[in-house]
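So the protein sequences, as listed, match chains A and B. Oh and the first sequence: position 147 is 468 in this note's numbering, straight run, nothing missing. Oh and the second sequence: position 212 is 297 in this note's numbering, straight run, nothing missing.
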Amino acid sequence: MQFGMRPKYILFLLIATLGSGAAESFGFSNKGVELLRATESHILKTIPEPSDVVFDRETGHLFIVSDRGILFECDMAGKVIRKAPIEGMDFEGVEIKGGFVYVTDEKPRIVFKFRKSDLALVSRYKVKWEGGLNRAYEGITYNYAKNCFIMVAERPATLVEFDTLFHELHRYPLAAIDKRFADLSMAGARWHEGKLFLLSSSASALFNCSPTDYSITSIKRFQMADPEGVDFDGVGNMIITSDNCRKIYYFKNISNINHQ
Amino acid sequence: MRKVLAFAVAAVLISNTSKAQFSEFAGDTAASQFTFSNGGNTLQIGGRVSGYYEYRVLKAGQTNLSHNGWAMKDGDVDLLGKTANHFTYEFHVSLLDVISAAATQNTADPAAPGFKAAYLRYDGYKVGIKFGFDKLPFALGSIEPEHMTPMWSHANLNGGDLFSRRDFGLTLNTSLMHNHINLYAGAYSGMGENFFEYGNDASGTFEYIGRAEYCLNGKMKYRVIDEEHTTTPQLRVALDARYADKTQPAGKTIGIDAPGKYGLRVINGKRLCYGGDVTFMYKGFSTNFEVDLMQLKPADTSDPLFNGTSSTVNKGVINAGGFVWDANYDFAKIRSVFTAKYEDVNVNDLVPGSMHWLSLGYAYKLNGFASVFKLEYAIPLQEDSNSDALKYTGQLRLGYQIVF
Numbered sequence: 322m323q324f325g326m327r328p329k330y331i332l333f334l335l336i337a338t339l340g341s342g343a344a345e346s347f348g349f350s351n352k353g354v355e356l357l358r359a360t361e362s363h364i365l366k367t368i369p370e371p372s373d374v375v376f377d378r379e380t381g382h383l384f385i386v387s388d389r390g391i392l393f394e395c396d397m398a399g400k401v402i403r404k405a406p407i408e409g410m411d412f413e414g415v416e417i418k419g420g421f422v423y424v425t426d427e428k429p430r431i432v433f434k435f436r437k438s439d440l441a442l443v444s445r446y447k448v449k450w451e452g453g454l455n456r457a458y459e460g461i462t463y464n465y466a467k468n469c470f471i472m473v474a475e476r477p478a479t480l481v482e483f484d485t486l487f488h489e490l491h492r493y494p495l496a497a498i499d500k501r502f503a504d505l506s507m508a509g510a511r512w513h514e515g516k517l518f519l520l521s522s523s524a525s526a527l528f529n530c531s532p533t534d535y536s537i538t539s540i541k542r543f544q545m546a547d548p549e550g551v552d553f554d555g556v557g558n559m560i561i562t563s564d565n566c567r568k569i570y571y572f573k574n575i576s577n578i579n580h581q
Numbered sequence: 086m087r088k089v090l091a092f093a094v095a096a097v098l099i100s101n102t103s104k105a106q107f108s109e110f111a112g113d114t115a116a117s118q119f120t121f122s123n124g125g126n127t128l129q130i131g132g133r134v135s136g137y138y139e140y141r142v143l144k145a146g147q148t149n150l151s152h153n154g155w156a157m158k159d160g161d162v163d164l165l166g167k168t169a170n171h172f173t174y175e176f177h178v179s180l181l182d183v184i185s186a187a188a189t190q191n192t193a194d195p196a197a198p199g200f201k202a203a204y205l206r207y208d209g210y211k212v213g214i215k216f217g218f219d220k221l222p223f224a225l226g227s228i229e230p231e232h233m234t235p236m237w238s239h240a241n242l243n244g245g246d247l248f249s250r251r252d253f254g255l256t257l258n259t260s261l262m263h264n265h266i267n268l269y270a271g272a273y274s275g276m277g278e279n280f281f282e283y284g285n286d287a288s289g290t291f292e293y294i295g296r297a298e299y300c301l302n303g304k305m306k307y308r309v310i311d312e313e314h315t316t317t318p319q320l321r322v323a324l325d326a327r328y329a330d331k332t333q334p335a336g337k338t339i340g341i342d343a344p345g346k347y348g349l350r351v352i353n354g355k356r357l358c359y360g361g362d363v364t365f366m367y368k369g370f371s372t373n374f375e376v377d378l379m380q381l382k383p384a385d386t387s388d389p390l391f392n393g394t395s396s397t398v399n400k401g402v403i404n405a406g407g408f409v410w411d412a413n414y415d416f417a418k419i420r421s422v423f424t425a426k427y428e429d430v431n432v433n434d435l436v437p438g439s440m441h442w443l444s445l446g447y448a449y450k451l452n453g454f455a456s457v458f459k460l461e462y463a464i465p466l467q468e469d470s471n472s473d474a475l476k477y478t479g480q481l482r483l484g485y486q487i488v489f
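Here it is as structure tokens:
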């Protein structure tokens with residue numbers, strides 16, 4: 322059987338696609354946006370579908386949550402030390418505050434509160450997100466500038482403030498704050514040394530934002546696909562989790578990220 | 086069946102986890118899906134509505150202008166649920182297909198039964214288990230949702246005329262090497278979309294399908310367009326195959342609608358399909374190349390597929406298949422997507438001729454592919470006048486699509 326493709330159409334396809342590929346990429350300008358490469362990575366062999374990560378400054382351990390609804394405590398190489406006995410459906414965000422570990426369960430719209438010392442379940446809070454089943458709260462952190470929890474919903478990119486009992490306080494559609502958030506999928510939020518960082522999985526980008534009005538201060542992008550969680554260790558190295566290859570990545574060359 | 090079971094056991098022992106899925110509503114297109122939750126169980130309601138104006142450049146002498154006018158493409162409703170004990174279920178129904186079938190006594194398109202998905206899946210083991218009616222893990226262009234492209238329809242090669250795109254059956258799926266390798270295996274009725282019209286055929290056999298994918302950077306979505314403008318090159322290489330022996334017992338025949346337009350979808354005899362595909366995307370550019378080939382061995386030497394050729398000429402075998410190649414760019418700054426697609430298909434090597442198509446597409450996205458204008462122009466560069474005579478030399482479709 323013969324299949325023939327006329328040379329002129331091959332040429333047309335090549336010219337059309339290579340020509341268009343030379344154009345500006347991505348929704349916002351990449352000019353001046355630093356592209357970061359990981360300096361170290363570890364495979365999370367026993368953590369299925371890892372999503373968010375938070376660094377515990379008391380123990381030097383990591384808490385990592387899984388899309389399988391499991392909360393793990395690990396060493397810095399991702400070796401599991403223990404896991405919470407109570408499981409959820411689709412854990413996507415994790416934060417430590419005051420001896421407790423708070424975890425967002427995306428699909429059923431629940432926040433779990435675990436006691437950090439024994440990972441016993443203390444409370445469950447129902448939160449509202451009316452949108453897509455798999456487009457709800459992906460990240461959680463505590464905003465010390467406004468004394469409230471914030472959670473980011475994946476799509477449409479939205480930041481929501483909650484009190485400590487997870488009553489909703491304010492909802493901010495991020496595209497209304499800055500058009501560069503439009504059409505992005507958000508994956509995480511992290512407070513670190515007086516700054517608020519928001520993570521986009523679709524853009525592989527970290528937004529350094531004002532903790533009061535959430536305007537963008539600076540942007541960095543990663544040379545990786547679908548980052549899902551972000552935090553910083555005790556010396557300021559950035560930690561990123563990705564479900565794509567079940568890995569945890571360290572960026573040890575960005576010590577000045579907090580000064581931008 | 087023993088091979089399927091052996092695969093399942095081996096995969097459980099060595100696999101990581103699995104969550105690959107074909108749902109058109111679990112992804113990131115929807116603008117305003119609604120989700121209800123009682124804390125343990127969740128249910129999402131979504132859907133899609135679209136339509137276009139079609140204009141055909143008719144050949145001289147053609148006077149029927151019925152294709153120069155409006156057409157409705159989608160009128161879909163989708164229910165996607167997840168339970169606390171790792172079950173996922175989905176009902177995806179095209180109300181448009183249901184109403185069209187009812188209004189025409191199922192003559193409008195017997196291969197469009199109304200159901201697009203009706204399955205339940207268990208994700209509690211290392212191997213995902215899906216049971217029901219859904220897309221088959223064969224042919225990339227069939228798996229990828231065309232509504233997330235500027236095009237209004239799939240390529241001729243993988244659009245359902247040569248082989249079925251959906252069927253009722255059991256699918257196992259797992260991933261290895263930290264999501265770099267993704268495997269599917271399944272057993273299906275073999276009747277494809279005509280399962281609801283005829284049930285199982287008289288042969289009592291399944292159609293078996295397998296697909297193996299290697300993804301350079303781990304998990305990779307089934308998407309034609311790189312809307313995410315990935316910062317690291319994404320590459321997927323896949324091989325797939327499907328086999329059915331539907332030799333009918335004496336006095337039994339396959340339902341008249343099931344073989345489809347070219348008589349290839351289900352045959353009285355043995356059919357092997359095999360192929361492969363490559364996907365590459367980086368910084369908004371994407372390209373897909375797919376080959377699907379078919380080897381058919383009808384049980385009856387006088388089968389019309391032989392086109393009256395002698396057994397010394399045809400050797401009892403008919404070959405069919407072809408390739409399709411597309412190249413795309415998502416120009417995010419102007420909310421636009423550009424697509425060019427070329428395909429070369431031969432539906433029967435015992436019938437002279439093959440078809441060559443060039444399709445050009447443009448989309449203007451108001452809100453991704455959830456709210457989008459789409460323009461498609463298809464040009465038959467070479468017509469297969471024996472197998473599929475055309476009355477036109479070009480076809481334009483301009484319309485709007487909403488995913489909710």
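C-beta: ideal position from N, C-alpha, C; glycine also. Since this is a predicted model, take the numbers as computed values, not measurements.
7 Å CB neighbourhood of residue i in its chain, flanking five on each side removed
| i | result |
| --- | --- |
| B:LEU181 | MET157, ASP159 and GLY160 |
| B:ILE425 | One detail in the question is off: residue 425 of chain B reads as Ala in this sequence, not Ile. Once the five neighbours on either side are set aside, the close Cβ partners of B:ALA425 are ASP411, ALA412 and LEU445. |
| B:LYS337 | ALA287 |
| A:ARG511 | THR462, PHE518, VAL551 and ASP552 |
For residue j and residue i, the rounded distance between their alpha carbons
| i | j | result |
| --- | --- | --- |
| A:ASP377 | A:VAL448 | 25 Å |
| B:PHE248 | B:LEU349 | 7 Å |
| A:LYS428 | A:ALA474 | 11 Å |
| B:ALA145 | B:GLY484 | 27 Å |
| A:TYR423 | A:LEU517 | 18 Å |
| B:ASN433 | B:ALA323 | 25 Å |
| B:ARG482 | A:LYS573 | 52 Å |
| B:PRO437 | B:ILE184 | 38 Å |
| B:ALA455 | B:MET305 | 21 Å |
| B:LYS211 | B:GLY360 | 27 Å |
| A:GLY390 | A:THR562 | 16 Å |
| B:HIS441 | A:PHE384 | 55 Å |
| B:ILE487 | B:SER135 | 6 Å |
| B:ASN267 | B:ASN258 | 7 Å |
| B:SER421 | B:PRO235 | 9 Å |
| B:GLN147 | B:THR478 | 11 Å |
| A:TYR493 | B:GLU109 | 28 Å |
| B:THR397 | B:THR386 | 11 Å |
| A:VAL354 | A:ILE540 | 6 Å |
| B:GLY345 | B:LEU164 | 29 Å |
Per-residue DSSP class, three states only, for residue i
| i | result |
| --- | --- |
| A:ILE498 | helix |
| B:VAL351 | coil |
| A:VAL386 | strand |
| B:LEU483 | strand |
| B:HIS232 | helix |
| A:GLU549 | strand |
| B:ALA326 | strand |
| B:ILE184 | helix |
| A:GLU408 | coil |
Contacting residues, own chain, Cβ-Cβ under 8 Å from residue i (five flanking each side not counted)
| i | result |
| --- | --- |
| B:PHE490 | The first residue shown for chain B is 86 and the last is 489, placing residue 490 of chain B beyond what the model contains. |
| B:PRO334 | ALA287 and SER288 |
Presumed contact (8 Å Cβ cut-off) between residue i and residue j, rounded CB distance
| i | j | result |
| --- | --- | --- |
| B:VAL254 | B:ALA272 | Going by the sequence as given, residue 254 of chain B is Gly instead of Val. About 5 Å; that satisfies the 8 Å criterion. |
| A:ALA405 | B:GLN319 | Incorrect: roughly 34 Å between the Cβ atoms, too far for contact. |
| B:TYR307 | B:GLU229 | 5 Å |
| B:ASN74 | B:GLY166 | In the structure displayed, chain B extends from 86 to 489; residue 74 of chain B sits before or after that span and is not available. |
| A:PHE435 | A:ALA441 | 7 Å |
| B:LYS491 | B:VAL178 | Residue coverage of chain B in this structure runs from 86 to 489, which leaves residue 491 of chain B outside it and unanswerable. |
| A:ARG542 | B:THR316 | 6 Å |
| B:TYR53 | B:PHE218 | The question about residue 53 of chain B has no answer, for chain B in this structure spans 86 to 489. |
| B:PHE416 | B:TYR447 | At roughly 10 Å, the Cβ-Cβ gap does not stay under 8 Å, so B:PHE416 and B:TYR447 are not in contact. |
| B:ARG312 | B:GLY453 | Checking the sequence, you will find Glu at residue 312 of chain B rather than Arg. The pair is a contact, with the Cβ atoms about 7 Å apart (cut-off 8 Å). |
Own chain residues within Cβ distance below 6 Å of residue i, not counting five before or after
| i | result |
| --- | --- |
| A:GLN544 | LEU356 and ARG358 |
| A:ASP388 | GLU370, SER372 and ASP411 |
| B:MET379 | CYS358, ALA405 and GLY406 |
Whole beta strand (DSSP E) runs in the stretch 430-458 of chain A with 3 or more residues, listed along the chain?
431-436 and 442-447
Mind pulling the alpha helix (DSSP H) runs of 4 or more residues that sit fully within the stretch 371-429 of chain B?
396-399
Please give me, in chain order, every unbroken run of the alpha helix (DSSP H) with length at least 4 that falls completely inside the stretch 186-272 of chain B.
Along the stretch 186-272 of chain B, the alpha helix (DSSP H) occurs as fully enclosed runs of 4 or more residues at 225-228, listed in sequence order.
Can you give, in chain order, each stretch of the beta strand (DSSP E) that sits fully within the stretch 504-552 of chain A and has at least 3 residues?
As for any beta strand (DSSP E) of minimum length 3 sitting wholly inside the stretch 504-552 of chain A, the runs are 507-513, 516-521, 526-530 and 537-543, ordered along the chain.
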